[in-house]
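Novice: Residue numbers (this note's numbering), protein chains in the order written: chain G, 18 to 266; chain D, 21 to 336. Got a structure here, written out as structure tokens. Questions coming.
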Amino acid sequence: MIRLLNLVDIGLAAEGKPILHDLNLHVLPGEIHAILGVNGCGKSTLASVIMGLSGFSPTSGKVVFQGEEITDLSISGRAKRGITLAWQEPARFEGLTVREYLTLGRHGSPGGGPSPEECLLTVGLPPERYLQRTVDATLSGGERKRVELASVLSMSPRLSILDEPDSGIDALSLNRILDAVRMLAKNGASVLLITHQNEIAASADRASSLCDGTILRTGDPLAIGRFFENHCRECPHGSTPSGEVLLHG
Amino acid sequence: MGDYSKEFLAMSEAYEAGGGDPAYLSDGRIAGLMVSHRKILRCNDAPGVHIEGEETPTGVKARITVDPGAHVENPVHLCFGVLPKEGTQEIVSEFLVGEGAKARFLAHCVFPNAVKVRHVMDARIHVGKHAGLEYTETHYHGEEGGVEVLPTARITIDEGGTYRSLFKLVQGAAGELRIDYEADIGKDATCELDARVYGKRNDAIRVKESLFLNGEKSRGLAKSRIVASDHCVSEVVGEAVGNAPGARGHVDCVEIVKGKDARASAVPRLLVIDDRAKLTHEAAIGSVDKKQVETLMARGLTEEESVDVVVRGILR
């Protein structure tokens, strides 16, 4: 099958210290692909590399999207090709209403995405209560995360990178987050779902475990989840697991 | 008053260009004062609001009174302007809001053709016991930057009263702007001073907002949002003095610097005299936040468009 996103031998170092190395990963069209990893293993760095954020240019390897190398493409250029990112801790904006924020999201969508109302309903926020709110500190952390996800929905992207969409979200709202992920997939988008929760990763079609800046293995989410539980939770992350673990884990 | 119909029309057009609705200026049910240079073009009372205006050699003296207990339905519309390229306008005003009264004022200051215009606003504002006043002042300047704007306000808020002001100068060149507001805040009273300015070219901006929290459990916020671009120089002084038990004051300043030749500084001054008062401040000065810009770029906006959205948001 044609790969929507292909990361080839990605390496990234900061101040001489490798953050990502020899990282190979591909995402298929329409699939939900979970990245499982503990804190500090490079998950958010991986998201930043794919989105092309400043300071996250790979020191080696290449990023290929729909067959085109985009390693040196700007953030806007990637967004216009259908890639977007929901930050783990989204930025706040004074004076920008939720409606405006969600409408900006449609800017990057060639066909125009779903309406702001639909997007908010999907993430469980009543439009009549939220559209005129400002995307600033008056929104709680959980509300802001859901608005972020709604803005991704509004773009109708081809690839959504969701960086820990479950963090800071109460248990009751988690299903709404998963609804949003499913809606993205239903609309034909691929989703790169970055998490350290097995329960979230279980909703994916495939999963990869990320350890110490590289992908250890990729496969069925439940199998990867078991591997993660058995070998990564307690892993000191000074190094990758031994060859034996990789072989038989 | 003489026949100023042409001037009234010209001022109305400038008022509209500055974001005002000129229909309000000729609506007899709405209280208002319109001053073109040193001439009073309109001075209209409404139930509960009385406006006295007097032309002076340098401008206009005005006294605006809101009756005790009056809840003024429509905002009082004020319009001050200088249409010629040169001129000085001094407005000396007194606002008296009676006990328990509630009113909103919308002021527009228009200097669309200014090359060498000086506008001085010297206001004394008294908000009575449990009264409320909201005062929004929007400026519309031309692009020449030849305006000197000197708004000064001395505000007194009695027990339980509320005063909120918003000063906006985001259209046209700011020119030389020196805001100097001081509020004496009484027991259980609240004061919010908010200034938003977009400085360009060689504009020089100085905003000084001072809160004197003199009453028990008084509350104050001095907020400023400045964007300094091109060769603009901006300085914000946010001052709070906690002088009573339970008083709470906060100084909140954001200045965005666009371009290598613009300069911005912030000086918070907090003085606690009563040890049961609490004062806080926050200031952020620098370029537009990178994460905000990248978030918007990840939605498909260019970098320039993203910066523009952030800037417009903070000045809104």
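Yeah, the Cβ is synthetic: ideal placement off N, Cα and C, and Gly gets one too.
1. For lysine 243 of chain D and threonine 176 of chain D, what's the separation of their Cα atoms in angstroms?
2. Less than 6 angstroms between C-beta atoms, sequence neighbours within five positions excluded: which residues of the same chain meet that for glutamate 246 of chain G?
3. Ignore the nearest five residues each way along the sequence and tell me which others in glycine 258 of chain D's own chain have a CB closer than 6 angstroms to its CB.
4. How big is the Cα-Cα spacing for glycine 235 of chain D and aspartate 200 of chain D?
5. At least one CB of chain G closer than 9 angstroms to the CB of isoleucine 177 of chain D: is that the case?
6. Taking the straight line between their C-alpha atoms, what separation do you get for threonine 315 of chain D and proline 107 of chain G?
7. Taking Cβ to Cβ, would you say serine 77 of chain G is nearer than 9 angstroms to aspartate 153 of chain G?
8. Out of D:Val147, D:Asp204, D:Cys252, D:Gly38, which one is the CA nearest neighbour of glycine 221 of chain D?
9. For lysine 298 of chain D, which residues does DSSP report across the bridge?
10. For the structure I just gave you, are there three or more beta carbon pairs, one from the stretch 138-146 of chain D and one from the stretch 34-51 of chain D, closer than 8 angstroms?
11. Do you know how far the Cα of valine 169 of chain D is from the Cα of leucine 299 of chain D?
12. What are the residues of the stretch 208-227 of chain D that lie near chain G, defined by any Cβ-Cβ distance shorter than 7 angstroms?
13. Once DSSP output is grouped into helix, strand and coil, what is the label at serine 259 of chain G?
14. Just list the beta strand (DSSP E) runs in the stretch 187-228 of chain G, keeping only unbroken ones of 3 residues or longer that don't cross its boundaries, in chain order.
15. Helix, strand or coil, according to DSSP, for leucine 264 of chain G in the structure here?
16. Taking a cut of 8 angstroms between CB atoms, which residues from the stretch 305-318 of chain D lie near chain G?
17. Would you kindly report the start and end of the unbroken beta strand (DSSP E) that includes tyrosine 183 of chain D?
18. Please report the residue range of the alpha helix (DSSP H) in which glycine 159 of chain G lies.
19. What residues in the stretch 49-72 of chain D bring their beta carbon closer than 9 angstroms to a beta carbon of chain G?
20. For a quick check, are the C-beta atoms of cysteine 58 of chain G and glycine 242 of chain G less than 9 angstroms apart?
21. Just tell me which of G:Pro238, G:Lys203, G:Ala202, G:Leu195 has its CA closest to the CA of asparagine 215 of chain G.
22. Tell me the rounded alpha-carbon separation between alanine 240 of chain G and valine 208 of chain G.
23. Looking only at its own chain, which residues have a Cβ that is under 6 angstroms from the Cβ of arginine 20 of chain G, when we skip the five neighbours before and after it?
24. Give a yes or no on whether 9 angstroms exceeds the smallest Cβ distance from valine 330 of chain D to chain G.
25. Are the beta-carbon atoms belonging to serine 340 of chain D and arginine 268 of chain D less than 9 angstroms from one another?
26. Under 6 angstroms Cβ to Cβ from tyrosine 155 of chain D, same chain only, skipping five residues before and after it: list those, please.
27. Give me the DSSP bridge partner(s) of leucine 233 of chain G.
28. Are any of the Cβ atoms in chain G nearer than 9 angstroms to that of threonine 322 of chain D?
29. Between the C-alpha atoms of histidine 265 of chain G and alanine 30 of chain G, what's the straight-line distance to the nearest angstrom?
30. Among the residues of its own chain, which have a CB less than 8 angstroms from the CB of aspartate 208 of chain D, if the five just before and after it don't count?
31. Please determine, among D:Leu29, D:Leu53, D:Tyr183, the residue with the shortest C-alpha to C-alpha distance to glycine 120 of chain D.
32. Kindly indicate which three-state DSSP category lysine 26 of chain D falls into: helix, strand or coil?
33. On the DSSP letters alone, give me the boundaries of the beta strand (DSSP E) that phenylalanine 131 of chain D sits inside.
34. Check whether the Cβ atoms of lysine 81 of chain D and lysine 105 of chain D lie closer than 9 angstroms to each other.
35. At which residues does the alpha helix (DSSP H) containing leucine 63 of chain G begin and terminate?
36. Mapping the DSSP letters down to three states, classify glutamine 149 of chain G as helix, strand or coil.
Specialist: Concretely, from the data shown:
1. 18 angstroms
2. none
3. Glu229, Ala242, Val271, Cys273, Pro288
4. 22 angstroms
5. no
6. 8 angstroms
7. no
8. First, the residue type needs correcting, since residue 221 of chain D is arginine and not glycine in the sequence shown. The residue with the shortest Cα to Cα distance from arginine 221 of chain D is D:Cys252.
9. D:Arg268
10. no
11. 30 angstroms
12. none
13. Any reading at serine 259 of chain G needs caution, since the residue's pLDDT is 46, under 50, leaving its predicted position unreliable; the model's value is listed next. Serine 259 of chain G falls in the coil class under three-state DSSP.
14. 207-212, 223-228
15. Residue confidence is low: leucine 264 of chain G scores 45 on pLDDT, short of 50, so the model does not pin down where it sits. Its coordinate-derived value is still stated next. Here leucine 264 of chain G sits in helix by DSSP.
16. Asp309, Lys310, Lys311, Gln312, Glu314, Thr315, Leu316, Met317, Ala318
17. 182-191
18. 158-172
19. none
20. no
21. G:Pro238
22. 19 angstroms
23. His43
24. yes
25. Here chain D has residues from 21 to 336 only, and residue 340 of chain D is not among them.
26. Phe125, Ser185
27. Its beta-bridge partners do not exist; DSSP assigns none.
28. yes
29. Residue confidence is low: histidine 265 of chain G scores 45 on pLDDT, short of 50, so the model does not pin down where it sits. No coordinate-derived value is stated.
30. Glu179, Gly180, Gly235, Glu236, Lys237, Ser238
31. D:Tyr183
32. helix
33. 122-131
34. no
35. 60-68
36. coil
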